[in-house]
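Numbering (the working numbering), first residue to last: 15 to 256.
Glycine included, C-beta positions come from ideal geometry on N, C-alpha and C.
Single-structure report; data block below.
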Amino acid sequence: MKLVVADSYEDMSRKAADLFAALLEEQPTCVLGLATGTTPIGLYDCLVDDCKRGALSFADAQTFNLDEYRGLAPDHPQSYHYFMRTHLFDRVDIDLSRTHVPDGANPDGQAACDAYERAIEQAGGIDLQLLGLGHNGHVGFNEPADSFPVCTHSVTLTQSTIDANSRLFDSADEVPREAYTMGIGTIMKARKIVLVASGQGKAQIVHDAFFGPVTPQVPASVLQLHRDVTVVVDREAGSLCA
Ligand code: GLP
Numbered sequence: 015m016k017l018v019v020a021d022s023y024e025d026m027s028r029k030a031a032d033l034f035a036a037l038l039e040e041q042p043t044c045v046l047g048l049a050t051g052t053t054p055i056g057l058y059d060c061l062v063d064d065c066k067r068g069a070l071s072f073a074d075a076q077t078f079n080l081d082e083y084r085g086l087a088p089d090h091p092q093s094y095h096y097f098m099r100t101h102l103f104d105r106v107d108i109d110l111s112r113t114h115v116p117d118g119a120n121p122d123g124q125a126a127c128d129a130y131e132r133a134i135e136q137a138g139g140i141d142l143q144l145l146g147l148g149h150n151g152h153v154g155f156n157e158p159a160d161s162f163p164v165c166t167h168s169v170t171l172t173q174s175t176i177d178a179n180s181r182l183f184d185s186a187d188e189v190p191r192e193a194y195t196m197g198i199g200t201i202m203k204a205r206k207i208v209l210v211a212s213g214q215g216k217a218q219i220v221h222d223a224f225f226g227p228v229t230p231q232v233p234a235s236v237l238q239l240h241r242d243v244t245v246v247v248d249r250e251a252g253s254l255c256a
């Protein structure tokens, strides 16, 4: 694992975006794994700027998002489909038919998740996966558990995740209780992984995930076992990693 401590949120975003820009340049048909949450927004802004000035293109790339709330249609403002269109897809030259987000509108979780896992395999797997980090160590929506979930699956969100994500909804009551997410096995199959974390509030979990024991109680800790992970944090989030 490589830990990069950036000077600021902007610097973290630029450094992480550079890893995506480099891959898009070297391998225009690459398969990108993407993430939502507030942390990657600056990174997406950097990629949009690069694309607007003609320095990179998403035209031949494919994308797979980590997760989606169950029960939200793609045009719901709090859906991750909508987030991706707002922050990236509608602002770059990507072909929307080459973007994939789990189908939260499909109430049949097993069917939706199996289809998603198959689509990733058919695309040849993920070349570079972006991850954020939940305060409890979740990646995607893989919550602390007794084992690491292997494939894309349906999850019941923990109260702490519902509370954390309620800031983006009118009230906590509106946060869906379930989601579809890539499994830890799906994520670990990505050839490269970049995780971003920002702010003092993430300092303890960054430390525990990357310098503590590998345990499904801290899902991100499994990344210590991956052979090509870059963790890009700002000074605050990296403050407990001496
Ligand atoms: C959500 C997403 C995760 C994300 C996490 C952290 O729960 N499912 O993929 O990493 O939030 O979000 P933030 O970056 O806003 O702290």
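- Message: Based on DSSP bridge pairs, tell me the residues matched to Thr229.
- Response: Looking at the DSSP output, Thr229 sits in a beta bridge with Val232.
- Query: If you measure from the CB of Thr52, is any heavy atom of the ligand GLP nearer than 7 Å?
  - Reply: Thr52 Cβ: within cutoff of the ligand GLP.
- Given Thr50, which residues of its chain have a CB within under 6 Å of its CB, disregarding the five upstream and five downstream residues? The residues are Tyr94 and Phe97.
- Extent of the continuous beta strand (DSSP E) run through Phe78: Per DSSP, Phe78 is one residue of the beta strand (DSSP E) stretching across Gln76 to Asn79.
- Message: As a quick exercise: from Ile134, Phe162 and Gln124, pick the residue whose alpha carbon is nearest that of Val228.
- Response: Closest in alpha carbon position to Val228, among Ile134, Phe162 and Gln124, is Phe162.
- CB-CB length for Thr43 against Ala75, believed under 8 Å: Going by Cβ atoms, the distance from Thr43 to Ala75 rounds to 7 Å, so yes, they are a contact pair.
- Item | Under the three-state DSSP convention, the category Gln41 falls into | Coil, per DSSP.
- Item | Bridge partner(s) assigned by DSSP for Asp248 | Asp248 pairs with Ala20.
- Run the CB neighbour count on His101, radius 10 Å, all protein chains shown included, and call it buried at 16 or more, exposed below. With 16 or more other Cβ atoms within 10 Å, it is buried.
- For Ala192, which of Arg205, Thr172 and Ser180 has the nearest alpha-carbon? Rather than Ala, the amino acid found at residue 192 in this sequence is Glu. With distances taken between Cα atoms, Glu192 lies closest to Thr172.
- Between the Cα of Ala251 and the Cα atoms of His240, Ile219, Ala234 and Asn150, which residue gives the shortest distance? Per the Cα distances, Ile219.
- Provide the residue(s) that pair with Lys206 in DSSP beta bridges, ordered along the chain. The partner list for Lys206 (beta bridge, DSSP) reads Leu142.
- Task: Identify which residue in Ala119, Glu157 and Thr166 has its Cα closest to the Cα of Ile134.
- Result: Ranking Ala119, Glu157 and Thr166 by CA distance to the CA of Ile134 puts Thr166 first.
- Query: Counting only runs that start and end within the region 144 to 205, where is the alpha helix (DSSP H) found for 4 or more residues in a row?
  - Reply: Along the length of the region 144 to 205, whole alpha helix (DSSP H) runs at least 4 residues long occupy 173 to 179 and 198 to 202, reported in chain order.
- Give the DSSP-derived three-state secondary structure of Leu110 in the structure shown. Reduced to three states, the DSSP call for Leu110 is helix.
- Task: Report yes if the CB atom of Leu80 is closer than 8 Å to the CB atom of Met196, and no otherwise.
- Result: Closer than 8 Å, so yes.
- Message: When you compare the region 127 to 145 with the region 169 to 187, are there three or more beta-carbon pairs, one atom per stretch, that lie closer than 8 Å?
- Response: Touching, no, given that fewer than three Cβ pairs across the two stretches are closer than 8 Å.
- Task: Could you have a look at Leu70 and say whether DSSP puts it in helix, strand or coil?
- Result: In this structure, Leu70 counts as coil in the three-state DSSP scheme.
- Task: Rank Leu86, Asn150 and Ala256 by C-alpha distance to the C-alpha of Ser235 and give the top, closest one.
- Result: Taking Ser235 as reference, the option from Leu86, Asn150 and Ala256 with the minimal CA-CA separation is Asn150.
- Using three-state DSSP, classify Val62 as helix, strand or coil. Correct three-state label for Val62: helix.
- Nearest-angstrom Cα distance between Ser71 and Thr200? Using only the alpha carbons, I get a separation of about 26 Å.
- Can you check whether the CB of Ala30 is closer than 8 Å to the CB of Leu147? With contacts defined by Cβ atoms closer than 8 Å, Leu147 and Ala30 do not form a contacting pair.
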